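Encoded as structure tokens, the structure appears first; notes follow it.
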Amino acid sequence: NDHGFIDFETRALVPITAAREWTFEASVYKKTDTNDDWHMLVRSNSIDAFVAGVDFFNYHTRAGVTVQAAHSWRDRLVLSLGLSRDSFRNMGARDPWSLFGDSGAFRVNPDVDEGEITGITGRARFDTRRDKNDSGWFGDLRVERAISALGGDFEYTRFDMKLRRYNTWRGKRLDLRVKFGGSDDPL
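Position in the sequence shown (first residue = 1) + 891 = the numbering used here.
Okay, structure coming up:
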């Protein structure tokens, strides 16, 4: 599989309560995935790849299914718990056409440990802003536990935390971002 082709994702989101505080979501997917989107927006990387023939991300194929339940408090705080079964596979580099690049071959993606991962993921997300252009705090904490006893090939615990402070002053923006992550085993 070369990245960008025959990817899909289908989701069903079902409100459990009338006010939509509780929701249930199920999704099925096969997609080109990356763990590099923390340092650069996907949109920016895609433009660089198309225009200049430079791609800064490493890619792998991820296919699977996820089910999760979530509780939301006025869209300010969302807590969720999910179960997923994913298959991770390597993918090679392609030689896509780019607008101004020399169409040289893109670098080869580094190998991932191929296999099946069955995991439980807990997530807490908060946002104190009423509107995306307001000043305020945004935080996202995700903890994933891969469990080999549930049929997966790997066992680990990893966490990922993002904290952002958005500031608007006299029509200008100053956004501060911190990301921290880790695991109990090499990933």
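Glycine is no exception: its CB is placed at the ideal position from the N, C-alpha and C atoms. Note that the structure is predicted; figures quoted are calculated from it, not measured.
Exposed unless 16 or more other CB atoms sit within 10 angstroms - verdict on residue i
i       : result
Gly944  : buried
Asp946  : buried
Arg953  : buried
Phe948  : buried
Asp1022 : exposed
Sequence-distant residues of its chain with Cβ nearer than 6 Å to residue i (five each side left out)
i       : result
Lys1053 : Asp1031, Lys1070
Asp1051 : Arg1033, Gly1072
Arg1082 : Given a span of 892 to 1078 for the chain in the structure shown, any question on residue 1082 remains unanswerable.
Proximity below 8 Å, CB of residue i to CB of residue j
i       : j       : result
Val1003 : Val956  : no
His962  : Trp913  : yes
Ser1026 : Tyr1057 : yes
Ser975  : Gly1010 : yes
Inter-residue spacing [alpha-carbon to alpha-carbon] between residue i and residue j
i       : j       : result
Ala1015 : Asp939  : 32 Å
Leu1067 : Arg965  : 25 Å
Arg967  : Glu1035 : 22 Å
Val969  : Val999  : 38 Å
Gly1013 : Pro1001 : 28 Å
The beta strand (DSSP E) enclosing residue i, as first and last residue numbers
i       : result
Ile1038 : Counting along the chain, Ile1038 falls outside any beta strand (DSSP E), and DSSP gives it neither H nor E.
Pro906  : 899-906
Where the alpha helix (DSSP H) through residue i begins and ends
i      : result
Asp939 : 933-943
Close beta carbons around residue i, own chain, < 8 Å, minus the five adjacent residues each side
i       : result
Gly1042 : Arg976, Glu1007, Thr1009
Arg1064 : Tyr1057, Asn1058
Contact set for residue i: own chain, Cβ-Cβ below 7 Å, skip 5 residues either direction
i       : result
Glu1005 : Phe979, Arg980, Asn981
Ser1039 : Phe1045, Glu1046
Phe899  : Tyr920, Lys921
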